[in-house]
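Protein chains in written order, with the working numbering: chain A, 904 to 1470; chain B, 903 to 1131. Note that beta-carbon positions come from the ideal geometry of N, C-alpha and C, so glycine has one too. Treat the numbers as computed from the prediction; the structure is a model and nothing was measured.
Here's what the structure looks like:
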């Protein structure tokens, strides 16, 4: 009972001392109040506004102006620079976030490269700006791509139709080619047959000419007929008349006519033979021409096959393009980014981080300063010489500071409830998480207060250690930006553990089962800090060591007794 | 009440870093004694007092009490009033006394009575609810003494109790200390760099000089020679 009373009195004393310092009280209460009010007004929205872009182009083309209009429609503030140097300089001086250099006559055929100058030293901002600019440019680019792709697809469709038509024509040509080929073959066959016939005729004519000297015979016949005529003439001169003489004269005339006709026929046969010889000659030439035509037809057939094959391949390639929608070609992968929690304001998203920051700075600075002020207080000496264990003072310091930090937290969350409707008692796991986080940072402050003896050094060290935790967390830069080793170590950063727990509890409403790992790790941190506090407060350690020594001696004494008694 | 009526120091030495403060101190204090420690500033008076109460550990030697007790009980036997005012200036007189009484495990049932008695003893019974920083210098010193005796210790230690005080105030404080010894039978050890003050109230006076301690006997007539060694 006395110990509990002592404990309560120490806590009461700590509170009274805080309460009677008006500035401290104001800071404790007003600090979180001002913080949440400002944050609420500043971040209770969802968009990233007020990004200013300055552009420069020697000559603004239609595309340049279209792009600028699109950016203006998406709440970007746009300015135009007089020169490229001015454009870049404005970004360096922080007057604008982005400098956009557009080539003269900016268009999609040539001069389509857009240069963006951005200040990457604004590390917490630059990724968002790049994404937003890229998104808007990509949007405009998508519209252009869609149009171009639409045209391409139309042309492709036309090509497909032409290709089909061409295949048809090629087939027709091929058929004609085949037909021609057949006819050529027929002609060649005919020529061959003709050759055979003409040769046969020539041969017969030669035979005829060779077997009978037809011409001489005809001449003989004519001579005989002349002789017959002369004879008849002589007969008539003789005054011999007979009716048959006239008849014989007629016959002789007929025979002469026939002979002359035969002579003519012989001439004709000779002409015929000559003609047949010429035919043979022409036939050779014709055969040669027809053969060459046949070869050409074959070659053309081959070419037509190739053309057909190409047309089929083209048709097959065109058909193989399954996606005919320009939108799907320009954006083959559609990204649907869904927040895993319902869309809320920035304040909701940064709420867990804010909670940790309040607990970290509030807890660490308050406890460290309070511990050092207590040590430097003239009354500390009297505490020290009282029969009160140092651990009781430390425990009371922890409880008092924890209560103050929780009061601050409640002020903060009470007002944030008005902005985002988020209360800290909506989820029991959140209560556990907050207690663990607050405990860690309060104990951290007590540790700092135990180590250092001046407020300046205590505050400085607190700032250093909290800054280290802050920088190696996701708050300034993503952890994933860090080297592998630091990334792995940072996962055990109490700030990271705290933020993770609170994010799971506040935004996603997860239970204790989801945060047990972080709770366990934080608990280990708490034990480590308590250990350091104990080591620094040497009297406690000394007492523990002395107690352990005495216990050890007792045990050895008993063992000795047992051994010697047995013997 | 806890009964450590005898304090014995044997060959106690203490140094801070390379600087030796005390060397082989021998001292015996009996119950009811009023011991004065005199010496120049920096002689080691405060160090010796802190060694006696256990705030500092001696480098060599031994400090023993009448009966060997645990450190925590030993602490409870002492009341210590320092040169600085060892109380919380933002708390009231009552709040300070309640707090220090709690540290010494004074039961609640006895608390009010103890506080009233102590306040009466030091003459602050009408200022109970006054915030300490608003008290006068003399009242603050009395409060400091009250905080030292709230747990009714057997041994009281005053380290230069009248430093920076005017003569009237000094007289009041010495009177109070004397009353504590004579009327309440407290063993008192008081230090001062002014031997005249000690001679007026103390039974025995020890000089701390050159890291040694020496009892001063029959020196009332030769006050000026004290520091001559």
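- In this structure residue 1034/B touches residue 1045/B by the C-beta definition: roughly 6 Å separates them, less than 8 Å.
- The continuous beta strand (DSSP E) containing residue 1003/A extends over residues 1001-1005.
- Each residue's CA atom was taken as its position, placing residue 1371/A and residue 1405/A some 20 Å apart.
- Contact check for residue 1013/B against residue 1000/B passes: the beta carbons are separated by less than 8 Å.
- Assignment of residue 936/B by DSSP, reduced to helix, strand and coil, places it in the strand class.
- Residue 1282/A belongs to the set of residues whose beta carbon lies under 8 Å from a beta carbon in chain B.
- Straight-line spacing of the CA atoms in residue 955/B and residue 937/B works out to 15 Å.
- The C-beta of residue 1321/A has fewer than 16 other C-beta atoms within 10 Å across all chains shown, which makes the residue exposed.
- Between the segment 1252-1272 of chain A and the segment 1292-1311 of chain A, the count of C-beta pairs closer than 8 Å reaches three or more; the two stretches touch.
- Straight across, the Cα-Cα distance linking residue 954/A with residue 1345/A is about 40 Å.
- At a cut-off of 8 Å between beta-carbon atoms, residue 1062/B makes no contact with chain A.
- For residue 922/B, the pairing in a beta bridge is given by DSSP as 917/B.
- Taken through DSSP and simplified to helix, strand or coil, residue 924/A comes out as coil.
- Residue nearest to residue 1349/A within the set 1438/A, 1384/A, 1316/A is 1438/A (criterion: CA-CA distance).
- Between residue 1082/B and residue 1058/B, the CB-CB gap stays under 8 Å.
- Under the criterion of beta carbons closer than 8 Å, residue 946/B and residue 924/B qualify as touching, at roughly 5 Å.
- For residue 988/B, the residues of chain A that pass the 7 Å Cβ criterion are 1281, 1282, 1284, 1285, in the order they occur in the chain.
- Within a 10 Å sphere around the beta-carbon of residue 917/A sit 16 or more other beta-carbons, which makes this residue buried.
- The beta-carbon of residue 992/B is placed less than 8 Å from the nearest beta-carbon of chain A.
- Excluding the 5 residues flanking it on each side, residue 1011/A has same chain C-beta neighbours closer than 8 Å at 966, 1047, 1051, in chain order.
- Residue 998/A sits exposed, since fewer than 16 C-beta atoms from the chains shown fall within 10 Å of its C-beta.
- Among the residues of the segment 995-1029 of chain B, those with a Cβ less than 9 Å away from any Cβ of chain A are 997, 998, 1000, 1001, 1002, 1003, 1004, 1005, 1006, 1007, 1008, 1009, 1010, in the order of the chain.
- In terms of Cβ geometry, residue 981/B and residue 1094/B do not form a close pair [threshold 8 Å].
- The C-alpha of residue 1218/A lies about 6 Å from the C-alpha of residue 1063/A.
- Where residue 1390/A is concerned, there is no enclosing beta strand (DSSP E), although the alpha helix (DSSP H) around it starts and stops at 1387-1393.
- Against residue 916/A, the close residues of chain B are 990, 993, 997, 1001, in the order they occur along the chain (beta-carbon pairs closer than 8 Å).
- According to the DSSP assignment, residue 1050/B belongs to the alpha helix (DSSP H) that extends over 1039-1051.
- Around the beta carbon of residue 1311/A, 16 or more other beta carbons lie within 10 angstroms, which makes this residue buried.
- Identification of residues in the segment 1035-1064 of chain B having a C-beta nearer than 7 Å to some C-beta of chain A yields 1049, given in sequence order.
- Residues of the segment 937-956 of chain B with a C-beta less than 7 Å from any C-beta of chain A: 955, listed in chain order.
- For residue 1205/A, the closest of 1030/A, 1084/A, 935/A, 1401/A by C-alpha to C-alpha distance is 1084/A.
- For the C-beta of residue 1297/A, not a single chain B residue is nearer than 9 Å; the gap to the nearest is close to 14 Å.
- Residues of chain B with a Cβ closer than 7 Å to the Cβ of residue 912/A are, in chain order, 1000, 1001, 1004.
- For residue 982/B, no alpha helix (DSSP H) run applies; the uninterrupted beta strand (DSSP E) run containing it begins and ends at 980-983, by DSSP.
- Close to residue 909/A, with beta-carbon spacing below 8 Å, are these residues of chain B in chain order: 1004, 1005, 1007.
- Residue 1285/A places its beta carbon less than 8 Å from that of residue 1002/B.
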